[in-house]
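Remarks on the structure that follows.
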Amino acid sequence: MKKMNIKRVLFKNNKTLLVGFAAMTLIFTSCSSDDSEDQTSMEITEETAANAILTAVSPESGGALAFTMEGVAILEGESTANKTTPLAKVGAYECGQEYNTSYSVSEESEDFSVTMDYAWTWMVSCDEMSMPLSAWLSLAGTGVITGPNMAANTTHEATMSISGLEESSDMYTISSEHLIEGVYEVVAEGNEYRFTTSINFITEELMVLKADRTVSSGSLTVSFVGKASNGTSYNFSGTIEFHGNQTGTLTMESGNTYQLSW
């Protein structure tokens, strides 16, 4: 296994990580409290779950799409998430050789403190002429946020398969699975709330243009599970269809739709 020294390509705007984690936590502070005698539980509505899903996938909040594009950037050898130069060759990686790299990110604002540690592992597959065809990548990371009356611990695991590495191809085809889990503790209206969430994304044939790394088409299925401290569970599912032009639509199982743009 080889370790690569690669500049951090995610969170080019150093506020993105902070905003993403803070937004996810603040979403859940808006959950309505249970009117029963148990004042330590919160009701997670479909709208709350949908907002959490969109935050967890959006590249603007350091979500699953941001990590997907970082995987592409690693293969291209780029040091920025906004590609404006011709595609860099992946020939620097030996075929069938496993590589890895890790990052530690820490950011603070007046009210919030965020830290995140994560690591990538990847391998390139080639043809009989040792020309790159596809790559496999895996990601594992943890994050912590602290702020006024709130704290959160999250994990993010992902696996990705990226094909279309041939120079003759103008698009990547990406299949991936992301699992984002969190434990949230919030103090609101004098009550302490604790709950957990698990958001799972599965993508097949996400089409990404090499020229600018924009998503031209594709869809993903998503499942959301939330559990309050009293044991009450909330389950939601849906699909996100990408339309190009940095937009998408989340359709929940109920048929309600929510828009995504970045």
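Residue numbers (mature numbering (1 follows the signal peptide of the UniProt record, and there is no 0)): -32 to -1, 1 to 230. Beta carbons: idealized from backbone N, C-alpha and C, even for Gly. From a predicted model like this one, the values you see are computed outputs, not experimental measurements.
{"Asked": "Per DSSP, the bridge partner or partners of Gln65", "Found": "DSSP lists no partner for Gln65."}
{"Asked": "Status (buried if at least 16 other CB within 10 Å, exposed otherwise) for Asn50", "Found": "Residue confidence for Asn50 is low, a pLDDT of 36 falling below 50, so the modelled location carries little weight; the figure read from the coordinates is stated next. Per the 10 Å Cβ criterion, exposed."}
{"Asked": "Own chain partners of Thr36 with C-beta closer than 7 Å, once the 5 adjacent residues on each side are dropped", "Found": "Met128, Ile142 and Ser144"}
{"Asked": "Cβ-based burial, Pro116 [other Cβ within 10 Å; buried from 16]", "Found": "exposed"}
{"Asked": "Proximity to Met220 [Cα-Cα], best of Gly212, His211, Phe192 and Gly111", "Found": "Phe192"}
{"Asked": "Candidates Cys94, Met91, Ser29 and Glu172: closest to Val190 by CA position", "Found": "Glu172"}
{"Asked": "Interface flag, Glu173 vs chain D, CB-CB below 8 Å", "Found": "The structure shown has no chain D; it contains just one protein chain."}
{"Asked": "Pair within 8 Å by beta-carbon distance, Ala108 and Tyr86", "Found": "yes"}
{"Asked": "Per DSSP, the bridge partner or partners of Pro100", "Found": "Cys94"}
{"Asked": "Beta-carbon gap between Tyr202 and Gly194 smaller than 8 Å", "Found": "yes"}
{"Asked": "Nearest-angstrom beta carbon gap, Leu105 and Gly39 [assumed within contact, 8 Å]", "Found": "5 Å"}
{"Asked": "Backbone CA spacing between Thr217 and Ser205 [nearest angstrom]", "Found": "14 Å"}
{"Asked": "Whole runs of the beta strand (DSSP E) within the region 178 to 216, excluding any shorter than 3 residues", "Found": "183 to 196 and 201 to 212"}
{"Asked": "Contacting residues, own chain, Cβ-Cβ under 6 Å from Phe169 (five flanking each side not counted)", "Found": "Ala32, His146, Leu188 and Val190"}
{"Asked": "Val112 versus Leu22: straight-line alpha-carbon distance, rounded", "Found": "20 Å"}
{"Asked": "Other residues of its chain near Val183: CB distance less than 6 Å, five sequence neighbours each side excluded", "Found": "Val176 and Phe210"}
{"Asked": "7 Å CB neighbourhood of Gly132 in its chain, flanking five on each side removed", "Found": "Met139, Tyr140 and Thr141"}
{"Asked": "Neighbour-count burial assignment, Ala179, 16 or more Cβ in a 10 Å radius", "Found": "exposed"}
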